[in-house]
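Read through the structure below, which is laid out as structure tokens, and then see the notes.
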Amino acid sequence: MFGFVINKLKNRKWLNLCLLMGVALFIALFVCHPMFEKGAGNQILDRLFTDHATQQSEFPARMSREGTYAVADYPDSQSVLDRLSGYEKKWTEYVDINKVSSQQLITLSGGRADTEFGGLNHYFTIGYLPGLSEYADVVKSQTDTATFECSISEKTMDHYGLVAGEKIYLHVPDGSGKKEISFVISQICREKDINDPYWTKTLSDMGDVIFVSQDVFDEMMQYYSEDNISYSDFLMLDYRQINTENASLYDGYMEQFKEADKLYNDNIRDTLERFFTQQKTIKLMLWALELPCLVLLILFIRMISAQILSLEENDILVLRSRGATKLQVFILYLQQSGIIAFAGCVLGIVLGYIMCRAAASTDGFLRFTAKDIGTYRFVWQMLVYAVAAAVIMVLFITVPVWKKSKDAISEHSRGRISKKKPLWEKCFIDVILLALSAYLLYNYNKQKSTLAISVLENRSIDPVMILDNSLFIFAAALLCVRLTGLIILLVDRLFKKHFSPAMYASFLQLKRTRYNQGFLAVFLIMTVAGGIFDANMARTMNSNMEKRIVYNVGCDAIYNEDFRLRIQKNKDGSVSWMYDEPDFGKYESLKNEGICDGVTRVLEDERVDISAGSGSISDAYLMAINTKEFGETAKLQSDQNDDINDAHWFNYLNELAKEPDGVIISSNLAKALGLKVGDSLNYSRYVPEAVDDDQIYASENAKVCAIVKGFPGYERYTYETDADKNVTEQEKYMIVANYATVVEKFGMTPYSVWMNLSKGKTVDDIYKNLTSAQQLIDENKNSATVQITNGMFTLSFILSLIVCSVGFLLYWVMTLKQRELQFGIYRAMGMRMREVKAMLLNEQIFLSFLPLLAGAGIGITATAMFVRLISIIYLPQKHNIGVNVYIYQSDMLELAGVLFVAVAVCYVVISRLLKSMKIAQALRLGEDS
1 MFGFVINKLK NRKWLNLCLL MGVALFIALF VCHPMFEKGA GNQILDRLFT
51 DHATQQSEFP ARMSREGTYA VADYPDSQSV LDRLSGYEKK WTEYVDINKV
101 SSQQLITLSG GRADTEFGGL NHYFTIGYLP GLSEYADVVK SQTDTATFEC
151 SISEKTMDHY GLVAGEKIYL HVPDGSGKKE ISFVISQICR EKDINDPYWT
201 KTLSDMGDVI FVSQDVFDEM MQYYSEDNIS YSDFLMLDYR QINTENASLY
251 DGYMEQFKEA DKLYNDNIRD TLERFFTQQK TIKLMLWALE LPCLVLLILF
301 IRMISAQILS LEENDILVLR SRGATKLQVF ILYLQQSGII AFAGCVLGIV
351 LGYIMCRAAA STDGFLRFTA KDIGTYRFVW QMLVYAVAAA VIMVLFITVP
401 VWKKSKDAIS EHSRGRISKK KPLWEKCFID VILLALSAYL LYNYNKQKST
451 LAISVLENRS IDPVMILDNS LFIFAAALLC VRLTGLIILL VDRLFKKHFS
501 PAMYASFLQL KRTRYNQGFL AVFLIMTVAG GIFDANMART MNSNMEKRIV
551 YNVGCDAIYN EDFRLRIQKN KDGSVSWMYD EPDFGKYESL KNEGICDGVT
601 RVLEDERVDI SAGSGSISDA YLMAINTKEF GETAKLQSDQ NDDINDAHWF
651 NYLNELAKEP DGVIISSNLA KALGLKVGDS LNYSRYVPEA VDDDQIYASE
701 NAKVCAIVKG FPGYERYTYE TDADKNVTEQ EKYMIVANYA TVVEKFGMTP
751 YSVWMNLSKG KTVDDIYKNL TSAQQLIDEN KNSATVQITN GMFTLSFILS
801 LIVCSVGFLL YWVMTLKQRE LQFGIYRAMG MRMREVKAML LNEQIFLSFL
851 PLLAGAGIGI TATAMFVRLI SIIYLPQKHN IGVNVYIYQS DMLELAGVLF
901 VAVAVCYVVI SRLLKSMKIA QALRLGEDS
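Mapping of the sequence shown onto UniProt numbering: residues 1 to 929, in sequence order.
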């Protein structure tokens with residue numbers, strides 16, 4: 001039996017190889033899912049931990065416990081430290097992650113103290129920090145054996161005005177009253193590396209602690225009547241070992257730690273909570289993006305398996321006539337499909353791994369890079385998915401055989417060409433699905449703002465929103481098949497009397513097979529339309545993201561200078577303050593060195609009050625600029641239609657340059673306060689937050705000289721998240737003033753340095769810690785969501801080209817083979833080869849060219865209808881630049897070029913087959929059948 005199956009496969013080796021290709025691609029795309037999901041999940045986790053470290057300025061994977069122990073239970077420091085180490089050991093028994101570092105601090109409450117050189121009534125805490133000598137450098141030192149030695153931080157030194165060698169007289173309770181203990185400052189310390197994970201709590205955070213040795217600390221415990229010792233224990237773990245496999249398990253353990261121990265805390269669970277939400281979104285996105293491609297491959301496999309089954313229909317009838325039961329025939333073909341599925345499974349796993357790695361390496365549509373994709377590795381779930389996909393393929397290929405296994409040979413006489421109208425056409429399924437798609441589109445468009453907020457709140461997306469475009473394409477394809485059939489009947493009715501014999505035979509064939517050939521039309525339309533939509537969706541997403549980033553930055557690179565704030569308390573109780581401006585000349589020299597074409601100061605303040613008439617605005621955004629330098633440096637990224645402002649933004653700079661006390665305001669500010677060009681307003685600024693949170697120190701009157709909708713670096717919309725993690729949209733109001741005027745009226749305050757890089761220069765030519773538009777674009781391209789989208793759209797587009805080309809060529813070649821007898825009869829009746837070719841060309845026009853054109857039209861229509869809606873997933877924020885649809889000619893030309901080559905090759909192959917066809921052999925074939 002097995003040998004018989006192998007021979008059957010060999011007899012139609014090319015068809016079975018094409019079927020194997022389809023099955024392998026289907027399984028490959030299937031096994032991509034777990035690898036992509038796990039890889040993207042690990043990438044998200046790594047990004048979340050890194051972002052947490054950057055935004056919160058703390059180590060992102062930290063377990064901690066803070067509290068007090070009774071001195072009666074723990075008589076010395078070592079017993080306390082051992083207890084803390086026991087907690088760490090218990091935590092890591094369950095959360096099996098390598099320890100990066102551990103910081104343990106124990107303290108006694110201390111008391112009031114005087115210092116040798118006049119300091120009175122200070123408060124100090126006595127502490128023991130085991131890692132102080134290992135992780136801190138000694139800045140100054142001086143010993144004194146007559147008293148207890150202690151160490152202090154530089155901040156403590158500056159704050160209390162202490163020096164090395166100075167004595168501290170600490171008044172501590174000893175049970176009978178107060179006792180004075182003398183300490184000498186033997187060391188002044190600073191962190192060796194402030195970025196070391198050990199310094200989760202820095203020396204600056206321990207500003208009132210005087211550090212002593214363990215022996216001194218134990219001795220101090222004898223002097224105190226305090227009942228408790230305070231402690232803090234911070235355990236830093238290697239967050240790189242937390243991945244998609246163990247994240248849920250570790251999260252559960254940490255929840256149990258918190259329930260069992262109220263003093264336990266960590267900063268990991270919040271990160272994992274955000275991860276689980278994003279992971280759910282990633283899963284839904286992957287399925288939504290993969291499903292259309294899987295359906296396309298199923299159509300391809302169905303087309304080839306149907307061709308094979310059609311060719312082997314006589315073989316099935318022969319087997320049945322010789323006594324084989326339907327079950328035996330079914331088992332025979334089950335073995336045949338099982339062999340193909342097994343081979344496809346092996347190839348699919350390898351191909352899926354390669355496809356996933358290739359998709360993960362993209363940083364744009366059809367742009368493959370050599371970037372690090374180490375998080376995308378082989379996972380065991382790929383084997384499970386491969387087996388599941390193989391079983392699906394076996395059933396999909398084999399089940400139709402059961403229907404073909406009829407008991408009576410006479411049933412074969414019912415004809416191979418179905419003239420029965422398909423169910424979908426009878427029930428107007430195409431119209432119903434099209435209406436459903438339109439309704440969903442209308443409903444989602446009405447909920448755009450709600451959907452955008454949902455995305456910003458990291459809630460799960462609705463996958464139907466992504467799949468609606470595929471539903472539209474499928475329904476439109478069915479409608480085009482219906483319309484194509486009507487066009488064929490209409491043309492036949494109008495011109496039948498004028499047809500040549502060849503053309504009459506062609507239309508007769510079209511009318512007889514239009515229901516059977518509809519499958520090819522649907523396949524072609526969905527392939528072309530899907531490829532166009534994927535390309536346009538990816539291009540639109542990437543282009544809009546890049547344009548928004550460039551607009552938000554406003555120039556090539558920005559450096560935020562460090563300004564030193566000096567605060568002085570006056571005798572009358574008032575506070576005076578002043579910023580020290582760094583040397584700006586080092587940036588101006590960049591122009592002389594040819595690194596920058598423009599450099600300018602930009603003073604920014606987001607705590608400005610503006611009033612005009614009876615109206616007022618709080619927390620407005622102030623920019624102070626030098627108009628000439630700013631014009632040479634800044635860039636205003638316009639949208640596709642260049643309609644952000646009514647005129648070029650240089651005109652507004654010119655108006656501001658004419659008015660020293662003038663200001664440019666945003667259009668929303670003008671609307672809120674009822675302002676127009678020439679009106680006056682007043683704006684006020686607050687003292688630095690380090691001095692006072694809510695004190696205005698100066699105001700200035702200004703004249704409105706221009707009103708703009710967009711300006712370099714100005715984002716009109718911002719989003720705030722409350723304690724319940726609900727996101728609300730806020731409008732930002734902008735005012736732009738002259739830099740010299742602002743400094744004169746308000747004094748020197750921190751500014752950022754904006755740079756316009758010379759051609760061929762990058763931020764690496766200046767400083768490493770610059771903020772540049774290109775860096776932000778690169779970070780955005782490497783985000784998991786964008787990477788998945790670019791990767792899947794790229795794969796879908798490439799698979800569309802391959803499947804469409806192979807499917808189109810194969811279908812027509814097999815159709816020609818099946819009609820070999822018919823063409824032989826036509827030739828025997830006197831029809832010339834030229835007429836046979838004309839007949840086939842006419843059929844291709846209606847069955848291939850029209851569907852291809854319809855696919856292009858449907859793809860462009862789907863782009864116009866759905867791209868802006870789906871972009872909400874990637875661009876949920878409102879912005880000065882609206883979402884514009886981008887259609888790249890290169891993508892359309894690539895698709896058209898591949899299809900043209902496929903059609904040309906198909907026509908050449910058909911022509912050669914017709915030339916090689918022998919009339920006598922074809923007629924003899926008819927007699928044998």
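Just so it is clear, CB atoms sit at the ideal spot from N, CA and C, and this is done for glycine as well.
Asked, Found
"Aspartate 137 to aspartate 215 span [Cα, whole Å]", "21 Å"
"Sequence-distant residues of the same chain with beta carbon closer than 8 Å to lysine 511, five excluded per side", "Ile488, Leu489 and Asp492"
"Supposed contact pair leucine 875 and valine 883 - C-beta distance, whole angstroms, cut 8 Å", "6 Å"
"Exposure of aspartate 407, with buried meaning 16 or more beta-carbon neighbours within 10 Å", "In this prediction, aspartate 407 scores a pLDDT of 44, lower than 50, which makes its location untrustworthy; the coordinate-derived value is nonetheless stated afterwards. Its Cβ having fewer than 16 others within 10 Å, aspartate 407 is exposed."
"Proximity to serine 576 [Cα-Cα], best of Trp402, Leu656, Tyr697 and Lys676", "Tyr697"
"For phenylalanine 797 and glycine 531, believed in contact at Cβ under 8 Å, the rounded distance", "5 Å"
"Which residues DSSP lists as bridging isoleucine 152, in chain order", "Ile188"
"For lysine 258, three-class secondary structure by DSSP", "helix"
"Inter-residue Cα distance where the pair is tyrosine 231 and histidine 52", "25 Å"
"Member of Ala535, Thr202 and Asp722 whose CA lies at the smallest distance from the CA of leucine 456", "Asp722"
"Span of the alpha helix (DSSP H), counted from its first residue to its last, around serine 449", "448 to 456"
"Alpha carbon of residue 935 to alpha carbon of alanine 359, nearest angstrom", "Given a span of 1 to 929 for the chain in the structure shown, any question on residue 935 remains unanswerable."
"Those runs of the alpha helix (DSSP H) which lie wholly inside the UniProt domain \"ABC3 transporter permease C-terminal\" (797 to 915) and span at least 4 residues", "820 to 828, 833 to 844 and 850 to 870"
"Every unbroken beta strand (DSSP E) inside the segment 195 to 274 [3 residues or more]", "209 to 211, 228 to 237 and 264 to 266"
"Cα-Cα separation between tyrosine 224 and leucine 235, rounded to whole angstroms", "29 Å"
"Euclidean distance between Cα positions of histidine 412 and arginine 322", "Caution is warranted here: a pLDDT of 47 is assigned to histidine 412, below 50, making its placement in the model unreliable, and no coordinate value can be reported."
"Spatially closest choice to phenylalanine 365 from Gly485, Leu636, Asn542 and Tyr169, by CA coordinates", "Asn542"
"Three-state secondary structure assigned by DSSP to methionine 748", "coil"
"Cysteine 427, buried or exposed, once every other Cβ within 10 Å from all chains shown has been counted against 16", "exposed"
"Beta-carbon spacing of asparagine 645, isoleucine 860 below 9 Å", "no"
"Through-space distance from leucine 317 to arginine 414, alpha-carbon basis", "Confidence is the limiting factor: at arginine 414 the pLDDT is only 48, short of 50, which leaves the residue's position unreliable, though a coordinate-based value still follows. Straight-line Cα distance between these residues: approximately 13 Å."
"Cβ contact check for the segment 86 to 94 and the segment 278 to 287: 3 or more pairs under 8 Å", "no"
"Residue from Ala505, His122, Phe26 and Leu486 whose Cα sits closest to the Cα of phenylalanine 300", "Phe26"
"7 Å CB neighbourhood of threonine 741 in its chain, flanking five on each side removed", "Pro660 and Asp661"
"Validate contact between the segment 59 to 68 and the segment 260 to 270 using beta carbons, cut 8 Å, 3 pairs", "yes"
"Any 3 or more C-beta pairs closer than 8 Å across the segment 433 to 452 and the segment 813 to 823", "no"
"Which of helix, strand or coil DSSP assigns to valine 5", "helix"
"First through last residue of the beta strand (DSSP E) which encompasses histidine 122", "122 to 128"
"Close Cβ partners of serine 618 (< 7 Å) along its chain, the five nearest in sequence each way excluded", "Asp609"
"Chain-order list of residues whose beta-carbon lies under 8 Å from that of proline 582 (same chain, five-residue window excluded)", "Glu561, Asp562 and Phe563"
"Beta-carbon proximity list for aspartate 233, same chain, < 6 Å, skipping 5 on both sides", "Arg65, Leu84 and Gln104"
"Where the beta strand (DSSP E) containing valine 80 begins and where it ends", "Not the beta strand (DSSP E): valine 80 falls in the alpha helix (DSSP H), residues 77 to 94."
"Classification of glycine 713 by the beta-carbon crowding that lies within 10 angstroms, buried from 16 upward", "buried"
"Status (buried if at least 16 other CB within 10 Å, exposed otherwise) for lysine 262", "exposed"
"Boundaries of the beta strand (DSSP E) in which lysine 703 is found, first to last residue", "696 to 708"
"N- and C-terminal bounds of the alpha helix (DSSP H) containing aspartate 133", "Just to set this straight, residue 133 is serine in the shown sequence, not aspartate. Looking at the DSSP string, the run of the alpha helix (DSSP H) that includes serine 133 is 132 to 135."
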